[in-house]
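Asks: In the numbering used here, the protein residues as written are 115 to 502.
Before anything else, here's the structure in question.
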Ligand SMILES: NC(=O)c1ccc[n+]([C@@H]2O[C@H](COP(=O)([O-])OP(=O)(O)OC[C@H]3O[C@@H](n4cnc5c(N)ncnc54)[C@H](OP(=O)(O)O)[C@@H]3O)[C@@H](O)[C@H]2O)c1
């Protein structure tokens with residue numbers, strides 16, 4: 115079997131590092147041709163020494179210059195968004211693992227699809243913002259796009275061998291995050307450190323806050339809508355704090371298929387990279403004796419309003435999900451900078467959505483404009499925001 119050349123966008127992040135671990139044990143199948151990072155050039159230097167890529171990209175030129183000083187010219191070093199857009203189209207790339215965080219992932223993923231590259235997609239914001247354009251371009255280019263998110267990987271696995279017309283509902287599971295049992299009246303005093311302390315998953319900061327607000331589940335509902343072409347009325351969320359069932363599909367005859375496993379992103383990452391193959395993997399297994407119970411209950415949409423807001427944006431359509439995403443990214447940034455309280459995140463997003471009249475998405479420019487306007491809106495309204 116010829117080795118596949120893989121470009122990993124965001125190799126220094128949580129998903130990027132897990133992907134490199136997966137590739138280390140699948141070295142007979144993959145060769146790392148490119149890596150990209152924002153500013154963590156220490157870790158990138160280690161990754162270059164270990165995986166010997168053809169090239170790397172860092173966002174800022176001064177970091178690229180510092181990296182050149184360190185490692186010389188044996189590895190090509192590019193910089194900027196243009197550098198990322200260039201490497202994803204090169205001939206020595208078969209597959210792109212898209213694991214940048216946020217809206218920044220959209221343009222490189224679209225460029226890779228247009229260049230005919232297969233995609234393993236972790237960057238859910240790509241589909242939340244640009245689902246219509248992305249799925250249309252995937253069809254036109256004839257590439258394969260496989261989800262990395264554990265929930266969507268679970269659904270993809272449940273759907274193997276099934277007729278899409280027999281799907282009754284998709285049931286996305288959610289751990290519920292660290293504030294599942296905290297009374298809503300305390301949400302205003304939640305600290306950055308408390309919100310970053312997720313009970314079952316270790317992830318990057320932005321998705322960890324999204325998991326605490328349940329916006330992550332809202333983004334995943336929109337992601338599922340585009341990936342599987344299922345109406346929003348047939349996509350449900352259930353809280354399952356043990357994170358063992360990663361999602362389920364109910365079929366029209368009432369049968370339900372679920373995919374289970376330990377909460378370890380290396381498992382869905384490997385599935386996305388090797389799909390439809392399922393090679394052996396050395397990761398931890400579920401110990402049912404130690405697990406003892408699996409519990410389920412419906413999400414509290416009054417307490418976790420971000421989830422309700424995501425459904426609302428999906429129903430409104432057009433540019434509304436782009437506004438939801440941008441408002442959320444900016445509000446999360448402000449919370450992480452300790453400039454707004456946790457409870458203000460949904461209030462600001464709601465205001466941004468209410469102030470926006472959704473327009474049809476025809477080109478990328480429509481998305482870029484909606485994104486910029488929503489970020490500006492949040493920045494302007496942050497200091498005056500009321501939490502309700
Ligand atoms: N982590 C998980 O378990 C998980 C699970 C499912 C889905 N996802 C999704 O996967 C994506 C990545 O999540 P993560 O947790 O891996 O994030 P992360 O740990 O924050 O990593 C983000 C990566 O992107 C780079 N980066 C950040 N901003 C950038 C920008 N503006 N331009 C270019 N590169 C940039 C970072 O570089 P530096 O390190 O140099 O800053 C890092 O390599 C997100 O969309 C998330 O929702 C994550």
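Idealized CB from N, CA, C, for every residue including glycine.
Check this for me: beta carbons of residue 132 and residue 429, under 7 Å apart or not?
Replies: Contact: no.
Asks: Which runs of the alpha helix (DSSP H) spanning at least 4 residues fall entirely within the stretch 247–294, listed in chain order?
Replies: Listed in chain order, they are 264–272.
Asks: Where are the beta strand (DSSP E) runs, 3 residues long or more, that stay fully inside the stretch 143–220, in chain order?
Replies: Within the stretch 143–220, the complete beta strand (DSSP E) runs of at least 3 residues are 144–151, 169–172, 190–193, 209–212.
Asks: Just to confirm, is the Cβ distance from residue 446 to residue 488 under 7 Å?
Replies: Not a contact, by the Cβ cut-off of 7 Å.
Asks: Reducing DSSP to helix, strand and coil, say where residue 320 ends up.
Replies: It is helical.
Asks: Using CA coordinates, which residue listed in 330, 377, 228 is at the minimum distance from residue 268?
Replies: Of 330, 377, 228, the residue nearest in Cα terms is 377.
Asks: Express the C-alpha separation of residue 338 and residue 502 in angstroms, rounding to a whole number.
Replies: With a pLDDT of 49 at residue 502, under the threshold of 50, the modelled position of this residue cannot be trusted, and the question is left open.
Asks: Which residue or residues does DSSP assign as beta-bridge partners of residue 373?
Replies: Residue 373 pairs with 361.
Asks: Between the stretch 340–349 and the stretch 280–289, do at least 3 Cβ pairs fall closer than 8 Å?
Replies: The stretch 340–349, when compared against the stretch 280–289, does touch it at the 8 Å Cβ threshold.
Asks: Taking only heavy atoms of ligand 1 into account, decide whether any of them is closer than 6 Å to the Cβ of residue 215.
Replies: The answer is yes for residue 215.
Asks: Measure the C-alpha to C-alpha separation of residue 252 and residue 244 and round it to an integer number of angstroms.
Replies: If you take the alpha carbons of residue 252 and residue 244, they lie about 12 Å apart.
Asks: In the DSSP assignment, what are the bridge partners of residue 233?
Replies: DSSP output for residue 233 lists 210, 259 as bridge partner(s).
Asks: Below 8 Å on the Cβ atoms is my contact criterion, and I expect residue 333 with residue 424 to pass it. Report the Cβ-Cβ distance as a whole number of Å.
Replies: With a Cβ gap of about 6 Å, residue 333 and residue 424 count as contacting.
Asks: According to DSSP, is residue 133 helix, strand or coil?
Replies: Helix, per DSSP.
Asks: Residue 476 by DSSP, collapsed to three states: which one?
Replies: Coil at residue 476, not helix or strand.
Asks: With hydrogens ignored, establish whether the beta-carbon of residue 379 is closer than 6 Å to any heavy atom of ligand 2.
Replies: With respect to small molecules bound, the structure shown includes ligand 1 and not ligand 2.
Asks: Residue 328 and residue 217 - do their beta-carbons sit closer together than 7 Å?
Replies: Taking 7 Å as the Cβ cut-off, residue 217 and residue 328 do not qualify as a contacting pair.
Asks: Quick one: is the Cβ of residue 451 within less than 6 Å of any heavy atom of ligand 1?
Replies: Result no, Cβ not under 6 Å from ligand 1.
Asks: Does the distance from the CB of residue 231 to the CB of residue 207 come in under 7 Å?
Replies: Yes.
Asks: What does the Cβ neighbour count give for residue 307, buried or exposed, with the cut at 16 atoms within 10 Å?
Replies: Exposed, because fewer than 16 other Cβ atoms sit within 10 Å of the Cβ of residue 307.
Asks: Would a C-beta distance cut-off of 7 Å place residue 130 and residue 212 closer than the cut-off?
Replies: The answer is no: Cβ separation not under 7 Å.
Asks: Can we say the stretch 454–473 touches the stretch 349–367, given the rule of at least three CB pairs closer than 8 Å?
Replies: At 8 Å Cβ cutoff, the stretches do not touch.
Asks: Would you report the Cα separation of residue 296 and residue 290, rounded to the nearest angstrom?
Replies: Distance between the alpha carbons of residue 296 and residue 290: 11 Å.
Asks: Helix or strand or just coil, what does DSSP make of residue 118?
Replies: Note: residue 118 maps to strand in three-state DSSP.
Asks: Do residue 449 and residue 463 have their C-beta atoms closer together than 7 Å?
Replies: Cβ distance not < 7 Å, so residue 449 and residue 463 don't count as in contact.
Asks: Per DSSP, what kind of secondary structure is residue 449 in: helix, strand or coil?
Replies: In the structure shown, residue 449 sits in a helix (DSSP, three-state: H, G or I).
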